[in-house]
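Using numbering that gives the first Met the number 0, you'd call the opening residue of the sequence shown number 0 and step up by one each time.
Cβ coordinates follow ideal geometry from the N, Cα and C atoms, glycine included.
Computed from a predicted structure; not experimentally measured.
A short write-up of the structure that comes next.
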Amino acid sequence: MSRNSWNPNQYMKGAMGDLRTRPALDLLARVSLDDPKRIFDLGCGPGNSTAPLKARWPGAEVTGVDNNPAMLEKARAAHPGIAFAEADIGTWQPDAPADLIFANASIQWVSDHASLLPRLVGALAPGGCVAIQQPNNFAAPSHTLIADVAAGDRFREKLAGKLLGDAVRDVRFYHDLLRPLAASVDIWETEYAQALSGEDPVLEWVRGTTLLPIQRELSEADFEAFTADYRQRLRIAYPTAEDGITLFPFRRMFMVIGKA
Numbered sequence: 000m001s002r003n004s005w006n007p008n009q010y011m012k013g014a015m016g017d018l019r020t021r022p023a024l025d026l027l028a029r030v031s032l033d034d035p036k037r038i039f040d041l042g043c044g045p046g047n048s049t050a051p052l053k054a055r056w057p058g059a060e061v062t063g064v065d066n067n068p069a070m071l072e073k074a075r076a077a078h079p080g081i082a083f084a085e086a087d088i089g090t091w092q093p094d095a096p097a098d099l100i101f102a103n104a105s106i107q108w109v110s111d112h113a114s115l116l117p118r119l120v121g122a123l124a125p126g127g128c129v130a131i132q133q134p135n136n137f138a139a140p141s142h143t144l145i146a147d148v149a150a151g152d153r154f155r156e157k158l159a160g161k162l163l164g165d166a167v168r169d170v171r172f173y174h175d176l177l178r179p180l181a182a183s184v185d186i187w188e189t190e191y192a193q194a195l196s197g198e199d200p201v202l203e204w205v206r207g208t209t210l211l212p213i214q215r216e217l218s219e220a221d222f223e224a225f226t227a228d229y230r231q232r233l234r235i236a237y238p239t240a241e242d243g244i245t246l247f248p249f250r251r252m253f254m255v256i257g258k259a
């Protein structure tokens, strides 16, 4: 695996796996479908959000969809009873209408939500729903400090327009977009007070996600320099308490869109 690839082990490292799965479970709890037949988990990663879907509806045809072979390999090994398919959310379409399209922490990687969400709603069977969770933590130091480092002389030109978060819009945008398309639109936000442990735990968290676009654009030496600067800034923004815990608040947006 190249150094620029998604790493499922980093993504689910230690307690981070439970913290990344919890929002998927919170989203799933708000889906009120009784007996969906066809379910798709878009951006399924290593299957941590797909398995709960199959557990809730064991008789459904559940398919995890991801564009990363390493994630899919991990998912297939961990969940042999579930189907997984390689595809890109930006162009994906089901071969027949879906009852539930579930997307946990994935659509923030896809540009043009104004086109994406109507397409997903249009792929539903009558009475189906789209359930989405996406990070909305881009105003927090974990993300603004990335932008600060990227604005430095060494990185400015190489990283212009390459940072994660540009696709995510505010709640009003999604509500206004979806209201004419759906029978029901439920949108809410939650901030998780994540208690992390270990050395530089916030850095370890973002290594698995937010730093990936930067890593892809920089040489190994430049990425090491970027990370060193960013690490020092994170230590100030997220101090470690005497008991070894680093508190990392993380805000997320949820949407459940029902089709008539």
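- prompt: According to DSSP, what are the bridge partners of G257?
  reply: Note: G257 sits in a beta bridge opposite C128, S183.
message: Quick test of your reading: H122 and P96, contact by CB under 8 Å. State the CB separation rounded to the nearest angstrom.
response: One detail in the question is off: residue 122 reads as Ala in this sequence, not His. Their Cβ separation, rounded to whole angstroms, is 6 Å, which keeps A122 and P96 in contact under 8 Å.
task: State buried or exposed for H174, treating a residue as buried only when at least 16 other CB atoms are found within 10 Å of its CB.
output: With fewer than 16 Cβ atoms within 10 Å of its Cβ, H174 is classed as exposed.
message: Looking at R161: is its Cβ nearer than 8 Å to the Cβ of I213?
response: Reading off the sequence shown, one finds Lys at residue 161, where the question assumed Arg. Contact flag set, yes.
query: Would the beta-carbon of L26 fall within 8 Å of that of Q92?
result: Not closer than 8 Å, so no.
- request: Report the three-state DSSP secondary structure of R251 (helix, strand or coil).
  value: Looking at R251 - three-state DSSP - the assignment turns out to be strand.
task: Might you give, ordered along the chain, the residues of its own chain that have their beta carbon closer than 6 Å to the beta carbon of S183, omitting 5 neighbours on each side?
output: Beyond the five residues adjoining it in sequence on each side, S183 comes within less than 6 Å, by CB distance, of G257 in the same chain, given in chain order.
- prompt: Cα-Cα, which of A150, G89, S196, V205 is closest to D242?
  reply: For D242, the nearest C-alpha among the options comes from S196.
- request: Check whether the Cβ atoms of E190 and V170 lie closer than 8 Å to each other.
  value: No; because the gap between Cβ atoms is not below 8 Å, this pair is not in contact.
- request: Could you pull the start and end residues of the beta strand (DSSP E) that A102 belongs to?
  value: Membership of A102 in the beta strand (DSSP E) is indicated by the continuous run 97-103.
task: Run the CB neighbour count on Q231, radius 10 Å, all protein chains shown included, and call it buried at 16 or more, exposed below.
output: Exposed is the label assigned to Q231, since fewer than 16 other Cβ atoms lie within 10 Å of its Cβ.
- request: Report, in whole angstroms, the separation of the C-beta atoms of F247 and W204, which I expect to be a contact under 8 Å.
  value: Rounded, the Cβ-Cβ distance is 7 Å, consistent with contact.
message: Taking a contact to mean a Cβ-Cβ separation below 8 Å, would you say H112 touches A77 in this structure?
response: Against a cut-off of 8 Å, the Cβ pair of A77 and H112 comes out as no contact.
query: If S48 and N103 are in contact, beta carbons under 8 Å, what's the gap, nearest whole angstrom?
result: That belief holds up - the Cβ atoms of S48 and N103 are roughly 4 Å apart, short of 8 Å.
query: Which value, in whole angstroms, describes the spacing of the CA atoms of I145 and Q107?
result: Roughly 17 Å between the two C-alpha positions.
query: Going by the CB atoms, is the gap between I81 and K53 shorter than 8 Å?
result: When the beta-carbon positions are compared, K53 and I81 come within less than 8 Å of each other.
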